[in-house]
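Numbering (the UniProt record's numbering), first residue to last: 1 to 288.
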């Protein structure tokens, strides 16, 4: 009896130690299909439109690295050297500043450090909760067998990945003069369907970006026009990275940050109309 008790304690001690030391690194390719009508009611030269399209493409195709253990994760954009002029894609919209995203599954919260026009914000809020429907369909992603799950999600009005150009009659380029703000010119769905593919072979409640809540690591997410696909996984790397919670910036909730950003974008549009700046963010944005 004593020997059984000893081995039981030893087993659970090993499992706790393994859980604490376990770490994985997953690389995700994120692509968003967007069709912005740059020439809506404006006489924009073809070379400028092509330049804007290239900037949009760079902005909508990125690589992210998810560093995770059984309870925490960092989700960061992979750093790449930019050639002269590429930074314009990042500056096309004010809300496209650098991001340092941390989430804690056990405590059901996230911290997102965002830089907007030189000012750093520390967004702290609870993790979005999705009601997943587990399905029986499977497919292979790399060497892993993945299962399908789906959920319906409300759309953040500032999520550029779901922005759509306004509808208008065919062959008409007449601009609606009542739509004076960039936010007024785009349309957004209220809800979108999320399809995720997760693998129980890596039994952690983790996934890219804000996604989690499934009995296995999420390797693919299809959210409206955005696809996030895992391209490489390293389990228990020889060199473990520290999973850090960002601490710099003005602390705000997600709603407070959205309100600040909306006001800032409208201010930029006003400056643009008054000749005080460019719509791509090149002009002075003013002060927060």
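No residue lacks a Cβ here, since even glycine has one placed at the ideal position from N, Cα and C.
Check	Outcome
Beta-carbon gap between residue 22 and residue 70 smaller than 7 Å	yes
Cβ shell of residue 208 (< 8 Å), same chain only, five flanking positions each side left out	26, 28, 30, 64, 66, 75, 218, 221, 228 and 230
Residues near residue 193 in its chain [Cβ-Cβ closer than 7 Å; skip 5 each side]	150 and 152
Sheet register partners of residue 104 (DSSP bridge)	72 and 109
Where residue 5 falls: helix, strand or coil (DSSP)	Low confidence applies to residue 5: its pLDDT is 46, below 50, so where it sits in the model is not reliable, and the reading given next is rough at best. Helix, per DSSP.
Per-residue DSSP class, three states only, for residue 269	helix
Paired residues, beta bridge with residue 63 - DSSP	29
Residue 139 - DSSP class collapsed to helix/strand/coil	strand
Beta-carbon spacing of residue 102, residue 116 below 7 Å	no
Residue 108 versus residue 267 - alpha carbon distance	34 Å
Rounded C-alpha distance that separates residue 100 from residue 249	11 Å
Same chain, Cβ closer than 6 Å to residue 259, five either side skipped, listed in chain order	none
Where the beta strand (DSSP E) containing residue 251 begins and where it ends	250-252
For residue 154, the first and last residue of its enclosing beta strand (DSSP E)	144-154
Contact set for residue 134: own chain, Cβ-Cβ below 6 Å, skip 5 residues either direction	149
Proximal residues to residue 213 (C-beta, below 7 Å), its chain only, five neighbours per side dropped	130, 132 and 205
Where residue 131 falls: helix, strand or coil (DSSP)	coil
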